[in-house]
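A.B. asks: Mapping to the UniProt record's numbering: the sequence shown position 390 is 390, numbers consecutive.
Note that beta-carbon positions come from the ideal geometry of N, C-alpha and C, so glycine has one too.
Keep in mind the model is a prediction, meaning the values are calculated, not measured.
First, the structure itself, so that you have it in front of you.
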Amino acid sequence: MDWITHDEDVWFDFRGDSPKQLTPGRYYKGTVDGFADFGVFVDLAPGVTGLLHRSELDRRLESLDWESGDTVFVQVKNVRSNGNIDLGWSIRQSESEFRGARVHDPDGDDDGEPIDNGSADDGPTPVKKTPKGISTKSRVGNGTDSTEDTEQSASTSAATETERPDDDGDSVDASEASGDEVTETTEEADAETEFEFEEASESDATTDDEEPTEVEAPERVTVDSLGDRVGERVRIEGEVVGARQTGGPTIFEVRDETAVVDCAAFVEAGVRAYPEVDEGDVVRLDGEVELRRGELQVETEELTALSGDEAATVETRLEDALSEKARPETVEPLAADEAVEAVTDQLADAAEAIRTAVLQSRPIVVRHAATADGYVAGAAIERAVLPLIREEHARADAEYHFFTRRPLDDPVYGMDAATNDVTRMLQDNERHDEKLPLVVLVGVGGTTDSLDGLGLLGVYGASRVVVDADAVDTEIVDEASVLVSPSLTDVDASGLSTGALGANLAAAVNADASDDLAHLPAVSYWQETPAAYADLASAAGYGADGTRKLREAVALEAYYQSYQDKRELITDLLFEDDGGLAGHVSEQFRIKLDDEVETAEANLETREVDGVSVAVLDADSYSHRFDFPPTSLLADALHRRADDDRVATIVYSTDELFVRAEGVDVRTAAADASDAVPEGGITAVGIRQNRVEFLSGAREDVVDAVAAAVVDQL
1 MDWITHDEDV
11 WFDFRGDSPK
21 QLTPGRYYKG
31 TVDGFADFGV
41 FVDLAPGVTG
51 LLHRSELDRR
61 LESLDWESGD
71 TVFVQVKNVR
81 SNGNIDLGWS
91 IRQSESEFRG
101 ARVHDPDGDD
111 DGEPIDNGSA
121 DDGPTPVKKT
131 PKGISTKSRV
141 GNGTDSTEDT
151 EQSASTSAAT
161 ETERPDDDGD
171 SVDASEASGD
181 EVTETTEEAD
191 AETEFEFEEA
201 SESDATTDDE
211 EPTEVEAPER
221 VTVDSLGDRV
231 GERVRIEGEV
241 VGARQTGGPT
251 IFEVRDETAV
261 VDCAAFVEAG
271 VRAYPEVDEG
281 DVVRLDGEVE
291 LRRGELQVET
301 EELTALSGDE
311 AATVETRLED
321 ALSEKARPET
331 VEPLAADEAV
341 EAVTDQLADA
351 AEAIRTAVLQ
361 SRPIVVRHAA
371 TADGYVAGAA
381 IERAVLPLIR
391 EEHARADAEY
401 HFFTRRPLDD
411 PVYGMDAATN
421 DVTRMLQDNE
431 RHDEKLPLVV
441 LVGVGGTTDS
451 LDGLGLLGVY
461 GASRVVVDAD
471 AVDTEIVDEA
481 SVLVSPSLTD
491 VDASGLSTGA
501 LGANLAAAVN
511 ADASDDLAHL
521 PAVSYWQETP
531 AAYADLASAA
541 GYGADGTRKL
551 REAVALEAYY
561 QSYQDKRELI
571 TDLLFEDDGG
581 LAGHVSEQFR
591 IKLDDEVETA
601 EANLETREVD
611 GVSVAVLDAD
621 SYSHRFDFPP
631 TSLLADALHR
641 RADDDRVATI
651 VYSTDELFVR
661 AEGVDVRTAA
671 ADASDAVPEG
681 GITAVGIRQN
691 RVEFLSGARE
701 DVVDAVAAAV
711 VDQL
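Below you can see the structure in the form of structure tokens.
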């Protein structure tokens with residue numbers, strides 16, 4: 001035959017002994033040597049091992065269906081001067097998927113010789129589908145239907161009726177051969193087929209005159225029971241909540257009334273199995289339960305989309321179970337707090353929305369401010385939701401796929417953040433048929449500054465849960481799918497932090513996480529921690545000094561690379577630390593903040609406005625820009641540490657300023673200042689930070705006007 005000359009079409013069997021003998025660009029057959037956090041080590045020959053870095057994979061390392069000793073195919077991307085081998089991912093993972101094979105023997109005579117790999121295929125097993133009208137009376141051998149045995153027996157019988165050579169090369173008729181010879185021929189024929197079968201007894205075979213009999217249907221079971229059924233054939237009825245095509249099988253995520261499981265169906269490498277089955281379809285699936293690298297998976301034998309009464313029955317079962325599982329039975333506040341007790345029904349609604357998203361395999365996106373208070377609220381919800389996702393999904397990477405925290409530099413859900421979220425969710429929906437996410441806004445969606453962002457999510461039908469401890473604007477009520485805020489009640493909630501409210505929501509989502517959350521409300525308060533939360537933290541082993549260190553450590557980490565969620569680091573600080581990590585980071589916080597405050601205090605300008613003392617700082621001139629602490633936190637620290645008679649602190653920079661004063665409505669102050677300096681472009685944009693923006697050319701007049709407006713309110 002004509003040999004294939006393109007290296008990328010074939011795989012190579014490397015028989016050298018040095019990495020330098022490899023040819024970059026070629027695909028090689030190798031053996032999995034071991035796993036590391038950063039990738040997979042693959043042996044190409046004795047003493048020649050390369051690294052397939054996780055960045056080269058088309059999936060998460062944890063979901064790679066490889067084990068040590070497995071035969072795999074990789075591409076040599078590069079051989080470094082020190083002998084290190086950089087490997088690339090090959091979507092083809094069986095010999096039959098390549099167009100041929102060659103020997104790579106750098107110092108031998110066989111170099112370049114073809115390898116006859118015959119019909120070998122170490123890839124996944126095809127979907128087992130039985131043609132209609134064929135008997136499937138019993139399953140024999142390695143789990144195939146007797147239909148396949150019958151067909152194989154017929155093929156074998158036909159082979160024995162043809163002539164075959166005897167030992168001397170002469171032809172003899174198979175009918176003249178002894179029984180032993182016929183048996184031997186049958187076994188040889190069986191060995192050459194793609195799959196091995198045990199011979200079916202004559203009683204299992206059917207003739208054309210016999211009525212075909214169906215194989216006994218497996219028992220319908222629930223997904224949560226599959227851990228006890230490894231190796232068994234089962235039937236699952238549920239909804240397809242996801243379908244993704246890999247380089248090998250198609251993976252259907254099927255949810256029943258108890259959980260979700262991955263079901264692999266294979267017809268041909270990279271080819272969509274059951275193309276008629278789409279996400280959202282109600283299905284019946286028969287298959288065998290397997291355990292692959294510690295994860296449950298069902299190897300699909302038959303997948304049928306249900307309709308009519310059958311589909312309605314399953315849908316009703318799913319809906320009833322969903323409603324029962326999603327709504328928390330009770331909402332118990334973490335500690336005695338009148339403001340939280342006043343919104344228990346609202347917390348139950350928000351918890352139900354979050355739990356429903358988990359059960360529906362809907363991604364959850366949590367947005368919060370990049371502050372200590374915001375991180376406490378977001379991390380609390382994360383701590384409660386991740387165990388629910390792990391219970392619901394067998395995939396190791398499910399908690400990363402279905403839950404994301406995205407901090408915001410400004411505590412406002414504006415058009416920039418909303419556009420980013422919408423772009424991502426539309427891409428995921430288009431590329432992966434992923435459902436639109438549930439967006440949870442904690443402390444960042446309660447003001448009119450967020451109306452445009454919330455509206456954009458609404459245009460695309462994404463659900464929005466807004467959780468805010470401060471007063472929310474009335475326009476938000478109609479824009480949010482679920483709204484949690486004590487300002488909607490008659491209770492005074494001025495002493496409630498967003499972190500405390502977020503922690504109570506997390507406890508409503510997952511009551512089993514309450515012990516982990518007990519210290520978080522106290523961590524969120526910079527001053528005057530309510531006694532109930534201080535006592536709760538103390539009972540959990542966190543005294544005042546411990547919660548202070550956590551607060552400062554989180555505040556420092558929230559500033560650096562604030563656009564990242566830093567899941568593992570924040571988890572270590574808030575939940576896994578014995579004090580050493582928090583103490584180390586907190587010390588850095590104190591050093592940086594104290595140095596900055598010391599410089600700022602030496603340059604504070606004290607102004608008397610209508611007999612009231614107002615401290616003013618030019619942050620551009622007397623603080624380090626683009627370094628910790630941010631201007632807002634510097635303003636907080638300066639005002640907290642005031643030991644004189646001043647009642648307000650204003651810290652300004654090129655085109656923004658921050659007001660710190662008790663009981664001041666920054667919107668009103670900005671409006672009054674705008675009347676006084678109409679050319680200043682004065683706008684209150686960050687209500688939660690008491691931030692005002694203006695035109696830099698009018699800066700001095702704007703600062704004077706804002707100071708006067710603040711004093712008028714006081």
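Taking Cβ positions, are G34 and S68 nearer each other than 8 angstroms?
C.D. replies: Yes.
A.B. asks: My guess is that S463 and S497 are in contact by the Cβ rule of under 8 angstroms, so how many angstroms apart are they, rounded?
C.D. replies: The pair is not a contact, with the Cβ atoms about 25 angstroms apart (cut-off 8 angstroms).
A.B. asks: Among the candidates F38, G238 and V440, whose CA atom is the shortest distance from the CA of L318?
C.D. replies: It is G238 whose Cα lies nearest to the Cα of L318.
A.B. asks: Which partner residues of S450 appear in the DSSP bridge assignment?
C.D. replies: The partner list for S450 (beta bridge, DSSP) is empty, contrary to what the question assumes.
A.B. asks: Using the C-alpha atoms, what's the distance from D572 back to G247?
C.D. replies: Those two C-alpha atoms are separated by around 36 angstroms.
A.B. asks: Along the chain, where does the beta strand (DSSP E) containing S613 start, and where does it finish?
C.D. replies: Residues V612 to D618.
A.B. asks: At which residues does the alpha helix (DSSP H) containing T344 begin and terminate?
C.D. replies: From DSSP, the alpha helix (DSSP H) with T344 extends over T344 to L359.
A.B. asks: Sort out for me which residues DSSP pairs P678 with in a bridge.
C.D. replies: Per DSSP, none; premise fails for P678.
A.B. asks: Using CA atoms only, rank isn't needed, just tell me which of A350, E315 and S323 is closest to V331.
C.D. replies: Nearest of A350, E315 and S323 to V331, Cα basis: A350.
A.B. asks: Is it true that the CB of E62 sits closer than 8 angstroms to the CB of G88?
C.D. replies: Not in contact: G88 and E62 (Cβ atoms no closer than 8 angstroms).
A.B. asks: Checking the sheet assignment: what are the DSSP bridge partners for T31?
C.D. replies: Beta-bridge pairing links T31 to D43 and T71.
A.B. asks: Less than 8 angstroms between the C-beta atoms of E713 and D636, yes or no?
C.D. replies: According to the sequence shown, residue 713 is Gln rather than Glu. Not in contact: Q713 and D636 (Cβ atoms no closer than 8 angstroms).
A.B. asks: Starting from the Cα of V526, find the closest Cα among V509, S514 and D545 and give me that residue.
C.D. replies: Looking at the sequence itself, residue 526 is Trp, so the reference to Val does not match. It is D545 whose Cα lies nearest to the Cα of W526.
A.B. asks: My guess is that F73 and K29 are in contact by the Cβ rule of under 8 angstroms, so how many angstroms apart are they, rounded?
C.D. replies: Their Cβ separation, rounded to whole angstroms, is 6 angstroms, which keeps F73 and K29 in contact under 8 angstroms.
A.B. asks: Please state whether the Cβ-Cβ distance between L334 and L517 is less than 8 angstroms.
C.D. replies: In contact: L334 and L517 (Cβ atoms closer than 8 angstroms).
A.B. asks: Using a Cβ-Cβ cutoff of less than 7 angstroms, which residues in the same chain neighbour P437 once the five nearest sequence positions on both sides are dropped?
C.D. replies: Hits under 7 angstroms: R362, P363, I364, V365, M425 and A462.
A.B. asks: Check G580 in the structure and name its three-state DSSP category.
C.D. replies: The answer is helix: DSSP assigns G580 an H, G or I state.
A.B. asks: Just to confirm the assignment, what range does the beta strand (DSSP E) spanning L52 have?
C.D. replies: That run of the beta strand (DSSP E) goes V48 to H53.
A.B. asks: Alpha carbon to alpha carbon, how far is D644 from V616?
C.D. replies: Using only the alpha carbons, I get a separation of about 14 angstroms.
A.B. asks: Rounding to the nearest angstrom, what Cα-Cα distance links F694 and D416 in this structure?
C.D. replies: In a straight line, the C-alpha of F694 is about 20 angstroms away from that of D416.
A.B. asks: State buried or exposed for R551, treating a residue as buried only when at least 16 other CB atoms are found within 10 Å of its CB.
C.D. replies: Looking at its Cβ environment, which holds 16 or more other Cβ atoms inside 10 Å, R551 is buried.
A.B. asks: Which runs of the beta strand (DSSP E) at least 3 residues long sit entirely within the stretch 637–671? Give them in chain order.
C.D. replies: Whole beta strand (DSSP E) segments, 3+ residues: 648–652 and 656–660.
A.B. asks: With DSSP as the reference, identify every bridge partner of W11, one or two as the case may be.
C.D. replies: According to DSSP, which records beta bridges pairwise, W11 is partnered with Y27 and A101.
A.B. asks: Using 10 angstroms around the beta-carbon of P629, count the other beta-carbons present and answer buried if the total reaches 16, otherwise exposed.
C.D. replies: Buried, by the Cβ-count rule.
A.B. asks: Which residue marks the beginning of the alpha helix (DSSP H) containing G378, and which one marks its end?
C.D. replies: First-last of the alpha helix (DSSP H) with G378: A372 to E392.
A.B. asks: In the structure shown, what three-state DSSP assignment does V509 receive?
C.D. replies: Three-state DSSP puts V509 in a helix.
A.B. asks: For the putative contact between V234 and V254, defined by C-beta atoms under 8 angstroms, what is the C-beta separation to the nearest angstrom?
C.D. replies: The pair is not a contact, with the Cβ atoms about 11 angstroms apart (cut-off 8 angstroms).
A.B. asks: Who are the Cβ neighbours of R272 in its own chain at under 7 angstroms, not counting the five residues just before and after it?
C.D. replies: If we look at R272 and ignore the five residues flanking it on each side, its Cβ neighbours are Q245 and T250.
A.B. asks: If we ignore side chains and look at the alpha-carbon of each, how far apart do H104 and A264 end up?
C.D. replies: The straight-line gap from Cα to Cα measures roughly 35 angstroms.
A.B. asks: Kindly list the residues whose CB is nearer than 7 angstroms to the CB of F41, restricted to its own chain and excluding five residues on each side of it in sequence; keep chain order.
C.D. replies: D33, G34, T49 and L51, listed in sequence order.
A.B. asks: Could you tell me the distance, in whole angstroms, from the CA atom of I476 to the CA atom of T489?
C.D. replies: Each residue's alpha carbon lies about 15 angstroms from the other.
A.B. asks: Less than 8 angstroms between the CB atoms is what I'm expecting for R355 and L388, so what's the real figure, rounded?
C.D. replies: That pair is a contact at about 7 angstroms.
A.B. asks: So, are the CB atoms of V439 and V467 less than 8 angstroms apart?
C.D. replies: Contact: no.
A.B. asks: How would you write the range of the beta strand (DSSP E) that T304 sits in, first residue to last?
C.D. replies: Taken as a continuous stretch (DSSP letters only), the beta strand (DSSP E) holding T304 covers E295 to A305.
A.B. asks: Give a yes or no on whether the C-beta atoms belonging to V444 and V465 are separated by under 8 angstroms.
C.D. replies: Not a contact, by the Cβ cut-off of 8 angstroms.
A.B. asks: Under a Cβ-count criterion, where at least 16 other Cβ atoms within 10 Å of its own Cβ denotes burial, should G374 be classed as buried or exposed?
C.D. replies: When all chains shown are included, G374 counts as buried.
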